[in-house]
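Asks: Dumping the structure here so I can ask a few things about it.
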Amino acid sequence: MDILYLLIPLSVVLVFLIGIVFWWAVRSGQFDDLEGPAHRILEDDDRAEPDKREKR
Amino acid sequence: MSSGSIAVAAGAADKLCYHCGLPVPSGVNLSVQIGGEARAMCCAGCEAVAGAIVTAGLDGYYERRDRFPDSPREALPDMVQDLRVFDRPEVQAGFVTAPSEHEREASLILEGITCPACIWLNETHVAKQPGVTAININYTTRRARVRWDTRSTGLSAILAAIHAIGYRAYPYDPKSLEAAQKREARNLLTRLAIAGLGMMQVMMYAVPTYFAEDGTMTRDIEDLMRWASLLLTVPVMLYSAMPFYRSALRDMLARRVGMDVPVALAIIAAFIASAWATWTGEGEVYFDSVVMFVFLLLGARYIELRARQKAAAHLEVLSRTVPATANRLLNFPLCLNTETVTAGSLGVHDQVLVRPGETFPVDGRIEQGDTDVDESLLSGESRPLAKKEGDRVVGGSVNRGHPVVVQVERVGEHTTLSAIVRLMERAAHSRPRLQEITDRVAAHFVTAVLAVAAATALFWYLRDAQQVLPIVVAVLIVTCPCALSMATPMALAVATSRAAKQGLLVTRGHAIETLARATHFVLDKTGTLTEGRPVLRNVTVTALSRQEALRLAAAVERGSEHPLARAICEAAPASVPPAESVRNFPGHGIEALVEWRRLRVGNFDFACELSQRNPQEPPQGAGTVWLAEENGLLAAFGFHDALRADAVRLVQAIRANGGQPILLSGDNQTIVRQAAETLGIREWRAEMSPEDKQDYVKRLQAQGAVVAMIGDGVNDAPVLAQAQVSVAMMSGAALAQGAADMVLLSGRLTDLAEGIAYTRRTLSIVRQNLAWAIGYNVIALPLAVAGYVTPWFAGIGMAGSSMLVVLNAMRLASERRVRPLIAVGD
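In order, the protein sequences belong to chains U and Z. Basically the working numbering = 1-based index in the first sequence + 32. Basically the working numbering = 1-based index in the second sequence + 379.
Here is the structure:
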């Protein structure tokens, strides 16, 4: 069980690392629009008729 | 809140700043004479601001305000020099318009507005500045419009005046508001994520200690895990939980009890006790409960923020939809040369060119060209409407067809769009009664909870001191009335925004709730259930020809805007003689001199009066409008006003939702009976004047009915006002008067039918939410006091119930389409 003396501090460090990565992701706008990209990938850009769906 | 409730109590005057409410640091000895007494100030900034307010004679502000302003500590220094930049024309280009030669108007966004007294203070102070001709501030959006005369002042002087009383004004730029919203959402998300990560890992450390049997875990490992938990809880306490401390502190300084007070108390107490236990190595730790509670509560607030921003977005989109510039035609019919001007500088009678894909900048009439127009943003109608020469177009709609020349009819404040935005803002201002009640209940409830927690602490201290902390923390957490105070506003916000998207504009806060409760639906016929565009069906003549009768009637009626008058004019031959000494008898008819004959066009009695002869019976072929001269009746005109195709759906929906439809009309018996039979309305009255209708509604109300009035919003304003809730059909007049609680922008009765079913669903969701929130607290409080609830379980219970309330309200938005006929009663 001695490995726990290493693993527990390691887990703390890991959580802080993940926190920093997440902070960066929020700052760079990854979470600003959670719905748009899901719709955008389905939209055809080359449709002739203007689309009535909400523009994003 | 009553005025003056915030004035700092005399005993505390030596501790708190009279202006901003922050504690006065020791060693600072500043004061300002306000209301005949020297009031302590915490810093030079507050002193300057309070001095400016008093010097301007505005110390009434201190009696009116119910919340402290932001402290000006970081606001004042050397900002004032930078303001000169705003006097430069190139800087002003984006947000300043020129209504006349020497006048300028700017849109500003104000920071630091905390209560309605701030609005009063700013408006009065700025209006007193020399050269300022007008100022108007919106409380919801914090937007200000200022007008000034360039000959006597500049924008920088106005901004400086606002700064002098402790507020900050910036040019209003929709993008910066959006940026502020984005920042708010990002900020909360980061806090939420930190709390979430902390929670996951602290749980990992906590679970083994719950399940480990005696002796299987060494003391070292347990200590190590406690220290690791402490380390991970610190950022959650210091960063994620910040909003709770801040709002609790604000409440306490203002001597109020908000729902964040028990929250902050509970987490701080639990954290300090746990940290102490970790340090000394004795006692229980509650890190897991603390982080989980913070996470779940933030989660509920994040969802609420998203929903609120989404609901506000529609209003924001509407007010931003008008383009900044327009193409004005320089010399229209002669040539099509245009110049680009700002939309604000357009005047009535200008002509503008609107190309396909462009948005109409103002309300107007098409002068040349045919096109399709998309009004979906205004009315929810998704199909483009065909418009031809002479048709009206509404500012904010989009040209989908061909280039058209538009004659400007209404600009700026008077356009349909700005009327809609104003009404939506009014709805946002007025708080529904239901919400006021729950807010008041929640405030009392928190006070009660604090008292109960203190009593519990005392009781357990005497019985078993070990148990005091976990039980008191559980009591504080489990009873937080967040769910109670979120229950109503969430559901109403979602419902209002959805209704607007579907073409039903809510203009007063209570409208949704009252429409949902309505027992009787009074319907107007003309213009509501019918198209409102009657056509001439038959003409019965006595002595003269049909053509001649029409010619004379049209001459009399030519100036009238009445729909029947227009129908006569449309059917009349081209050559209509001029009419003289035209007299209008509202509700009866019109009298005029045509070709030296005195003629009357109007209802039967009115027409007969002229000849002083009283035919006992109307001659066969009764019509609604009669033409008479002094020798007797000349002709009768019959009209036909087709029922709207979706009127039946509306009546069915009213029945399906348990309401009673009633048809009240000013038309004659035959027509009204026919309409009522077609629609299946059993209760109807004909030949009713607006006053009769109002009396009828009063009688219904005396019997305890909740009456909803659905009318065209123009002729029946008194009835609309009499009914508890009113819906007006879309028209410029209905919007401008703003008498109705709701306006049916789309003009489709099916939308109203769905709206009725929808408001009932909203009310039932509000009731579910309230029932849940109250029931939960009633059950949880005794259990927690008795010591049966552990802090972590309390966290799950409380935050879970808030989340449930929010998600329940969100159901209103996610349902694709309300089943209009069978929706309620399932």
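Ideal Cβ positions, reconstructed from N, Cα and C, are used throughout, including at glycine.
Whose C-alpha, out of Z/1010, Z/958, Z/1105 and Z/783, is nearest the C-alpha of residue 712 of chain Z?
Replies: Closest by alpha carbon: Z/783.
Asks: Nearest to residue 1047 of chain Z by CA position, among Z/1026, Z/1020, Z/1039 and Z/1192, is which residue?
Replies: When only C-alpha atoms are compared, the closest one is Z/1020.
Asks: Are residue 466 of chain Z and residue 535 of chain Z closer than 8 Å when you measure CB to CB?
Replies: Contact flag set, yes.
Asks: Tell me which same chain residues have a C-beta within less than 7 Å of the C-beta of residue 1027 of chain Z, skipping the five on either side of it?
Replies: If we look at residue 1027 of chain Z and ignore the five residues flanking it on each side, its Cβ neighbours are 1058.
Asks: If we count the other Cβ atoms within 10 Å of its Cβ and call it buried at 16 or more, is residue 575 of chain Z buried or exposed?
Replies: So residue 575 of chain Z counts as buried.
Asks: Any idea what DSSP makes of residue 1126 of chain Z, helix, strand or coil?
Replies: Correct three-state label for residue 1126 of chain Z: coil.
Asks: Can you list, in chain order, the residues of its chain whose CB lies under 6 Å from that of residue 1001 of chain Z, leaving out five sequence neighbours each side?
Replies: Confidence at residue 1001 of chain Z is low in this model, with a pLDDT of 46, below 50, so its placement is unreliable and no value can be given for it.
Asks: Which stretch, first to last residue, makes up the beta strand (DSSP E) that contains residue 1017 of chain Z?
Replies: Residues 1011-1019.
Asks: Residue 44 of chain U versus chain Z: which residues are under 7 Å apart at the beta carbon?
Replies: Simply 607, 610 and 611.
Asks: According to DSSP, is residue 666 of chain Z part of a helix, a strand, or is it coil?
Replies: Residue state, collapsed to three classes: helix.
Asks: How would you list, in chain order, the residues of chain Z whose beta-carbon sits under 7 Å from the beta-carbon of residue 36 of chain U?
Replies: The answer, in chain order, is 600.
Asks: Candidates Z/948, Z/746 and Z/1095: which alpha carbon is nearest residue 903 of chain Z's?
Replies: When only C-alpha atoms are compared, the closest one is Z/1095.
Asks: With distances taken between CB atoms, is the gap from residue 447 of chain Z to residue 632 of chain Z smaller than 8 Å?
Replies: For residue 447 of chain Z and residue 632 of chain Z, yes; Cβs fall inside 8 Å.
Asks: Suppose only complete runs of 3+ residues qualify. What are the beta strand (DSSP E) ranges in the stretch 530-590 of chain Z, listed by chain order?
Replies: Correct list: 547-550.
Asks: Any idea if residue 634 of chain Z is buried or exposed, counting beta-carbon neighbours within 10 angstroms, 16 or more meaning buried?
Replies: Result: exposed.
Asks: Between residue 560 of chain Z and chain U, is the shortest Cβ-Cβ distance under 8 Å, so that the two count as touching?
Replies: For residue 560 of chain Z, the answer is no, since every Cβ of chain U falls outside 8 Å of its Cβ.
Asks: Which residues in chain U have a C-beta closer than 7 Å to the C-beta of residue 1128 of chain Z? List them in chain order.
Replies: What residue 1128 of chain Z touches in chain U: nothing, since even the nearest Cβ is about 22 Å away.
Asks: So residue 1007 of chain Z and residue 987 of chain Z are in contact, right, with Cβ under 8 Å, and what is the actual spacing, rounded?
Replies: Confirmed, Cβ separation roughly 7 Å.
Asks: When DSSP labels each residue in this structure, what does residue 868 of chain Z get in the three-state scheme?
Replies: Note: residue 868 of chain Z maps to helix in three-state DSSP.
Asks: Around the C-beta of residue 768 of chain Z, are 16 or more other C-beta atoms found within 10 angstroms, so that it is buried, or is it exposed?
Replies: Exposed, because fewer than 16 other Cβ atoms sit within 10 Å of the Cβ of residue 768 of chain Z.
Asks: Mind pulling the chain U residues with CB within less than 9 Å of residue 576 of chain Z?
Replies: Those are 47, 48, 50, 51 and 54, listed as they occur along chain U.
Asks: Taking DSSP as the reference, what is the three-state secondary structure of residue 329 of chain Z?
Replies: Given a span of 380 to 1205 for chain Z in the structure shown, any question on residue 329 of chain Z remains unanswerable.
Asks: Between which two residues does the beta strand (DSSP E) carrying residue 1090 of chain Z extend?
Replies: Segment 1086-1090, the beta strand (DSSP E) holding residue 1090 of chain Z.
Asks: Just the Cα atoms here: how many angstroms apart are residue 861 of chain Z and residue 51 of chain U?
Replies: Roughly 28 Å between the two C-alpha positions.
Asks: Determine, using beta carbons only, whether residue 580 of chain Z comes closer than 8 Å to chain U.
Replies: Taking Cβ atoms only, chain U reaches closer than 8 Å to residue 580 of chain Z, which makes this a yes.
Asks: At a CB-CB cut-off below 7 Å, which residues of chain U make contact with residue 569 of chain Z?
Replies: Under the 7 Å cutoff, chain U gives 55 and 58.
Asks: Taking Cβ positions, are residue 581 of chain Z and residue 603 of chain Z nearer each other than 8 Å?
Replies: Against a cut-off of 8 Å, the Cβ pair of residue 603 of chain Z and residue 581 of chain Z comes out as no contact.
Asks: Mind checking residue 397 of chain Z: buried by the 16 CB within 10 Å criterion, or exposed?
Replies: Classification for residue 397 of chain Z: buried.
Asks: Contact defined as beta carbons within less than 8 Å: I believe residue 813 of chain Z pairs with residue 892 of chain Z. What is the distance between those atoms, to the nearest angstrom?
Replies: Confirmed, about 6 Å.
Asks: Grouping DSSP H, G and I as helix and E and B as strand, with all else coil, what is residue 778 of chain Z?
Replies: In the structure shown, residue 778 of chain Z sits in a strand (DSSP, three-state: E or B).
Asks: When DSSP labels each residue in this structure, what does residue 917 of chain Z get in the three-state scheme?
Replies: Three-state result, residue 917 of chain Z: strand.
Asks: Do residue 851 of chain Z and residue 832 of chain Z have their beta-carbon atoms positioned less than 8 Å apart in this structure?
Replies: For residue 832 of chain Z and residue 851 of chain Z, yes; Cβs fall inside 8 Å.
Asks: Quick one, which residues of the stretch 672-686 of chain Z are near chain U if we go by CB-CB under 9 Å, in chain order?
Replies: Answer set for the stretch 672-686 of chain Z: 685.
Asks: Starting from residue 1040 of chain Z, follow the beta strand (DSSP E) in both directions and report where the run begins and ends.
Replies: Looking at the DSSP string, the run of the beta strand (DSSP E) that includes residue 1040 of chain Z is 1039-1043.
Asks: Can you give, in chain order, each stretch of the beta strand (DSSP E) that sits fully within the stretch 825-867 of chain Z and has at least 3 residues?
Replies: If we require 3 residues or more, the stretch 825-867 of chain Z turns out to have no beta strand (DSSP E) run fully inside it.
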